[in-house]
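The structure appears right after this line, and notes come after that.
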Amino acid sequence: MTRKQTQPINILMADDDEDDRLLTVDALQESRVLNNLFCVEDGVELLEFLRHEGKYTDPASAPRPSLILLDLNMPRKDGREALQELKNDPKLRSIPVVILTTSKEEEDMLRGYDLGCASYITKPVNFEGLVELMRALGRYWIEFVELPHE
Numbered sequence: 293m294t295r296k297q298t299q300p301i302n303i304l305m306a307d308d309d310e311d312d313r314l315l316t317v318d319a320l321q322e323s324r325v326l327n328n329l330f331c332v333e334d335g336v337e338l339l340e341f342l343r344h345e346g347k348y349t350d351p352a353s354a355p356r357p358s359l360i361l362l363d364l365n366m367p368r369k370d371g372r373e374a375l376q377e378l379k380n381d382p383k384l385r386s387i388p389v390v391i392l393t394t395s396k397e398e399e400d401m402l403r404g405y406d407l408g409c410a411s412y413i414t415k416p417v418n419f420e421g422l423v424e425l426m427r428a429l430g431r432y433w434i435e436f437v438e439l440p441h442e
């Protein structure tokens with residue numbers, strides 16, 4: 293039996309590709325997953341968002357996410373570096389991270405799990421696949437998993 297989450301969860305997506313971010317927003321809406329999605333463009337912004345630094349000093353506009361969707365290949369600070377820093381921070385390491393990337397490299401997958409990601413998923417090649425993935429992620433992370441509170 294699944295538990296039904298009545299409150300939306302906060303999802304933070306770190307991806308430098310604007311098209312991927314927009315498609316994910318559309319796919320989440322299409323999949324009817326109850327959530328709030330926030331987006332950042334690289335690992336530097338991800339950590340600023342999580343630590344309420346830079347343009348993210350207002351906790352109301354940068355709430356603690358229940359889940360992070362992380363791309364690996366980003367400028368300034370890539371997903372691998374950001375994941376390592378996040379998992380080394382006692383205040384942030386309990387936030388589950390799902391790597392969502394185009395990389396199919398076994399080394400990236402092994403390193404991601406070694407650094408503490410909860411899941412490693414290769415981005416689907418079409419919108420229908422992305423909708424199905426968001427629906428599955430939503431069901432899993434919202435209906436089945438007990439997420440830590442702030």
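Position in the sequence shown counted from 1, then plus 292, gives you this note's numbering. Glycine is no exception: its CB is placed at the ideal position from the N, C-alpha and C atoms. In this text, all values refer to a predicted model and were calculated from it rather than measured experimentally.
According to the neighbour-count rule (16 or more other Cβ atoms, all chains shown, within 10 Å of its Cβ), is residue i buried or exposed?
i: I434; result: buried
i: V332; result: buried
i: R313; result: buried
i: N418; result: exposed
i: E398; result: exposed
i: P357; result: buried
Pull up the DSSP beta-bridge partners for residue i, would you.
i: S353; result: Paired residue(s): none; S353 is not in a bridge.
i: T316; result: Answer is none; T316 lacks a bridge partner.
i: A306; result: V332 and L362
i: I413; result: L392
i: I301; result: N327
Alpha carbon to alpha carbon, how far is residue j from residue i? Give it in angstroms, no decimals.
i: L407; j: L375; result: 7 Å
i: L359; j: P416; result: 19 Å
i: Y405; j: A352; result: 31 Å
i: V423; j: T349; result: 32 Å
i: Y412; j: G346; result: 29 Å
i: R385; j: E420; result: 32 Å
i: S262; j: M426; result: In this structure the chain extends from 293 to 442, so residue 262 is not present and cannot be described.
i: A410; j: I387; result: 9 Å
i: Q321; j: N380; result: 33 Å
i: A319; j: L392; result: 14 Å
i: D450; j: V317; result: Residue 450 lies beyond the range of the chain shown here (293 to 442); nothing can be said about it.
i: R403; j: L364; result: 11 Å
Would you list, in sequence order, the uninterrupted alpha helix (DSSP H) runs of no fewer than 4 residues that lie entirely inside the region 358-396? As far as the region 358-396 is concerned, its whole alpha helix (DSSP H) runs of at least 4 residues are 371-379.
Across the region 340-352 and the region 361-373, are there enough close Cβ pairs to call them in contact, namely three or more that are closer than 8 Å? no
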